[in-house]
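Colleague: In the numbering used here, the protein residues as written are 39 to 175.
As structure tokens, then:
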């Protein structure tokens with residue numbers, strides 16, 4: 039009987055394939071959440087399961103720096119469609135304001151209340167703590 043469900047893309051090859059992971063988009067997450075909620079309701083556990091997800095965070099205060107980081111990271115992973123990456127639930131990309139909006143969207147639309155965040159660089163964790171976290175306290 040789980041109390042928290044962490045949603046991640048399926049790992050089919052024994053490792054995380056970036057292109058496959060990007061197919062685990064917001065539409066697929068919504069579909070799976072509806073399925074999980076149906077299972078919970080059938081078991082008499084409506085709204086008893088808290089939802090979480092893991093995301094990689096790339097953020098900066100200004101748009102040009104954030105965009106440059108996003109583009110460089112996408113290129114290093116072989117991702118040609120940067121917008122596909124931006125819309126992936128596995129990442130939080132953009133300015134601090136964009137990341138705040140995206141987290142708010144996930145809370146409101148997915149009902150997620152837990153987030154496991156991985157920061158590419160230590161200074162991003164500090165920026166996140168100072169500029170983003172206060173909006174959710």
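Idealized CB from N, CA, C, for every residue including glycine.
Going by the beta-carbon positions, is the gap between residue 93 and residue 141 smaller than 7 Å?
Modeller: No.
Colleague: Measure the Cβ-Cβ separation of residue 95 and residue 157 and say whether it is below 7 Å.
Modeller: Yes.
Colleague: Name the residue from 117, 98, 149 and 159 whose alpha carbon lies nearest to the alpha carbon of residue 170.
Modeller: When each option's Cα is compared against that of residue 170, the closest is 98.
Colleague: Going by CA-CA distance only, name the one from 153, 119 and 65 that's closest to residue 130.
Modeller: Measuring from the Cα of residue 130, the nearest candidate turns out to be 153.
Colleague: Which residue's Cα is closest to the Cα of residue 57: 138, 123 and 162?
Modeller: When only C-alpha atoms are compared, the closest one is 123.
Colleague: Alpha carbon to alpha carbon, what distance is there between residue 55 and residue 49?
Modeller: Their Cα atoms are separated by approximately 7 Å.
Colleague: Pick out the complete beta strand (DSSP E) segments inside the stretch 53–105, 3 residues or longer, and give them in chain order.
Modeller: Whole beta strand (DSSP E) segments, 3+ residues: 88–98.
Colleague: With 16 as the cutoff for other CB atoms within 10 Å, does residue 84 come out buried or exposed?
Modeller: By the 10 Å Cβ count, residue 84 comes out exposed.
Colleague: Measure the beta-carbon distance from residue 133 to residue 165 and round it to whole angstroms, keeping in mind my assumption that it falls under 8 Å.
Modeller: Actually they do not touch by this definition, with Cβ atoms about 10 Å apart.
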